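In the numbering used here, the protein residues as written are 6 to 378. Glycine residues also receive a C-beta, built at the ideal position from the N, C-alpha and C atoms. Nothing here was measured: the structure is a model prediction, and the numbers come from that model. Here is the structure we will look at.
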Amino acid sequence: MSEPSSVLEVQRTSIADTQLTQAGPDDLDAGQVRLRIDRYAVTANNITYAVFGDMLAYWEFFPTELPWGRVPAMGWAEVTESANDEIAVGARFYGWYPMATSTVITATATTDGFRDDGAHRQPHAPVYRAYVDTTRDGLYDDAPDGEDRHVLLRGLFLTGYLAEEFFADGGGAAAPYFGAGQVIVLSASSKTAIGFAQRAAQRGVAQVVGVTSATNADFVRGLGYYDTVVTYDEVDELDADLDAVSIDMAGNPTVLGAVHRRLGDRLQYSMTVGRSHHDAPPPTGGEPLPGPQPQLFFAPTEVGRRQQEWGRDDYQRRTAEALTAFVDGSRSWLTVEHRVGAAGMQSAWADVHDGNVAADVGIVVLPKEAADG
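The following block contains the structure:
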């Protein structure tokens, strides 16, 4: 007999506020599977999903009643009940899950797992609807900490990887790094930024300049991926005599504006990716910034471009090699911290939201005790 799922919900207009609710269990319809969620990661990216939940439809991944929302998270889950002849009980899948102990998905089998074909998921990009069977996952890491590191890093690294590849071929239409001699990385301690910086440093086309808080400056320098590290208060020290591109993980208009004003027309391209500074005031829509206007980078679009350009198999090979190297390297700078059960589900969200997690720590929730918490 299936148990109700304990689900963490976030108040959409006040995302610091959460509640733990019970859902189901409902009988499965034909084609559906019930999965026990074994682990999921909570990072600044999840906070970004909540901030942009309406704009980018993240709330529609796992709908619930207003004013609450269910934030998607990367995780692993095991099928505990199946009404789908092509998906067996006991199979385990990597993909997007609610912050919960279990969930029900309307699944269509694919060559490497299944696709979420629920009516509410139809508008979403294919990469957001894909679930990969661990036995067919070319990226799977069977090290004791492999699943923890992958839920923390796989999605974030691939975003950084694809952003760096975008710069490397000038967005498909210009010189590498748009001819710039330096790349300015805002929120340089974020995991996406670290993945980007590792790739950029390996390529060696441009100087990699990290911009971070004073608290995280020594950590960022110690990574060895940044040629120069400055704090947010030192943006005026950026080299304004050298053409540059920028990639903004912070989403802080004050900081990004300072970079644009410092570099002006020396800035050849301005990319925005995330909003690690979720508590910063949103852009006001006032005067345009000096230099090129910031362009939002949407990773699923770039996945499609690269798979078409490289072919699916070569895309998988390239990303697997790059991700393996990054995850292996993370063991020197990233400590995994588990949060368990109902209390862990709530504390993980609260601590990441409030900025109480050190840059060298990654939070992984083991929710399966939540029903007993």
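Give me, in chain order, the residues of the same chain whose beta-carbon lies closer than 8 angstroms to that of residue i; leave out the 5 immediate sequence neighbours on both sides.
i: T236; result: V216, T217, S218, A219 and A222
i: E14; result: T23, Q24, L25, T26, T69, W73, G74 and R75
i: M357; result: The sequence given here has Val at residue 357, not Met. Counting only Cβ-Cβ distances below 8 angstroms, and skipping sequence neighbours, we find V47, T48, A49, N51, I52 and I368.
i: A93; result: V84 and S87
With H, G and I counted as helix, E and B as strand and the rest as coil, what does DSSP make of residue i?
i: T116; result: coil
i: I189; result: strand
i: D153; result: helix
i: V94; result: coil
i: M350; result: helix
i: T48; result: coil
i: H343; result: strand
i: Y230; result: coil
i: S19; result: coil
i: V308; result: helix
i: V225; result: helix
i: P295; result: coil
i: P9; result: coil
i: L40; result: strand
Under the rule that 16 or more other beta-carbon atoms within 10 Å means buried, what is residue i, buried or exposed?
i: W338; result: exposed
i: L261; result: buried
i: N361; result: exposed
i: V366; result: exposed
i: R44; result: buried
i: R126; result: buried
i: M79; result: buried
i: M60; result: exposed
i: Y311; result: One point to set straight first is that residue 311 is Arg, not Tyr, in the sequence displayed. Answer is buried; the Cβ neighbour count reaches 16.
i: E242; result: exposed
i: D153; result: buried
i: E170; result: buried
i: T116; result: exposed
Give every residue of the same chain whose Cβ lies closer than 6 angstroms to the Cβ of residue i, excluding the five residues on either side of it in the sequence, and list them in chain order.
i: D232; result: Q212 and V213
i: A353; result: V47, R344, I368 and V370
i: D253; result: L191, L261 and T277
For residue i, is the beta carbon positioned less than 8 angstroms from some heavy atom of the ligand ZN?
i: E342; result: Judged by which ligands are present, the structure shown has none, so any question about the ligand ZN falls away.
Does the distance from the C-beta atom of residue i to that of residue j stay below 9 angstroms?
i: R208; j: A255; result: no
i: L228; j: I199; result: yes
i: W81; j: Q24; result: no
i: A268; j: P295; result: Per the sequence presented here, residue 268 reads as Leu, with Ala not at that position. Yes. Within cutoff.
i: P131; j: P305; result: yes
i: F331; j: F162; result: yes
What residues in its chain sit with their C-beta under 7 angstroms from that of residue i, if we drop five residues either side in the sequence?
i: G95; result: E83 and V84
i: G184; result: D248 and Q273
Self-check item: At least 3 beta-carbon pairs within less than 8 angstroms: the segment 239-255 vs the segment 188-201
Solution: yes
Quiz item: Does the segment 157-170 touch the segment 111-124, meaning 3 or more C-beta pairs lie closer than 8 angstroms?
Solution: no
Exercise. Mind the definition here: the segment 87-103 touches the segment 28-43 only if three or more C-beta pairs lie below 8 angstroms; say whether that holds.
Key: yes
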